Amino acid sequence: MDSIPNGNSAASTPAVTTPTNSTHTTPSSKLTQLTESLKLEHQFLRVPFEHYKKTIRANHRTVEKEVSSVISGVNDAADSDMSKDDAFQHLTSLVSRLQGLKRKLEEGSRTENLQAQRCRARLDHLESVDAENLSEWSNTRLKRILVDYMLRMSYYDTGMKLAESSNILDLVDIDVFQEARKVIDALQNREVAPALAWCAENKSRLKKSKSKFEFQLRLQEFIELVRAENNIRAIAYARKYLAPWGAAHMKELQRVMATLAFKSHTECATYKALEEMAKKNNGTITCPRTGFVCNYSEVVKAYIS
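Okay, so the sequence shown: first residue is 1 according to full-length UniProt numbering, each after it adds one.
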């Protein structure tokens, strides 16, 4: 007959234990948190990679342009009946041009290496994350976000100091914001040339996103010409740079072209009323009949009944 257990089963039955290693067990919550964090890192990798590609394309175009010009110059010299001195001077100028190309390529190569280093640093940063160092990695990520926020809010010096003190210069896009800062400062001084140069460099991207930024810059440059009472240049500018936008933005063009008809010193009572309204409302005017609000600098026609 089998003996009846006396309540201490552990004494009579060998304990079966399952070895566990808690140090290697990753909680599902941490994995979920890690996955969600990595989903937000698309722009973190995309920005430096796009700049890297842009630099490579620019260097390639420079080489093609300069080498093609030099080859053309050599062919012209070979086909023409030059004196020995003229040929020497011509070839010397071509050599100088190639030396200039060499300097440009050396500078471009340094830029490429820096951008490649930045891409590598960001890949290493993403690869280093795991459940064990998630807290430290998240702290670094928080500092990156803070630097990005400071730069977007124009706290450039503070953002730079935080990036330097945290040793994350390769993980933030300070150079991008510094470039944007130059454009913004110029626009605040009513200078649109740097912004237009930026548009030329990013023309394909702006076209793809259907951006109106270049059109708005062209409008502002036209307005500045009118403000300076240089109507002849303003008309020529409109024909060259604004006319191509006519199909898509005819209403805005018609409104802005009205600045040619109204001078800042006009005695027109309606225009004077709009001017006074703008002074009282931070540069905006409101049509009393329709309630339409617009910027006075563009002189939108507001018909008062």
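We put the beta carbon where it would ideally sit given N, CA and C, even for glycine.
Values in this document were obtained by computation on a predicted structure and should not be read as measured data.
Query, Result
"Best match in Thr158, Leu134, Ser93 and Arg103 for proximity to serine 69 [C-alpha to C-alpha]", "Ser93"
"Simplified DSSP state of threonine 290, which is helix, strand or coil", "coil"
"Coil, strand or helix - asparagine 230 by DSSP", "coil"
"Buried versus exposed call for valine 256 [16 or more other C-beta atoms within 10 Å across all chains shown]", "buried"
"Rounded C-alpha distance that separates residue 335 from aspartate 173", "Nothing can be reported for residue 335: it is not among the residues displayed for the chain, which extend from 1 to 305."
"Nearest to histidine 42 (by Cα), restricted to the options Lys104, His60 and Leu126", "Leu126"
"Methionine 150 burial status per 10 Å Cβ neighbour count (16 or more: buried)", "buried"
"Serine 138 versus aspartate 148: straight-line alpha-carbon distance, rounded", "15 angstroms"
"Tyrosine 52 to proline 194 span [Cα, whole Å]", "21 angstroms"
"Per-residue burial, glycine 159 [other beta carbons within 10 Å of its own, 16 or more giving buried]", "buried"
"Inter-residue Cα distance where the pair is arginine 141 and lysine 54", "26 angstroms"
"CA-to-CA distance, glycine 291 to asparagine 281, given in whole angstroms", "14 angstroms"
"Leucine 123 classed as buried or exposed, judged by whether at least 16 other C-beta atoms fall within 10 angstroms", "exposed"
"Local Cβ density within 10 Å of aspartate 2, reported as buried at 16 or more and exposed below that", "With a pLDDT of only 47 at aspartate 2, under 50, the local geometry of the prediction cannot be trusted, and no value is derived from it."
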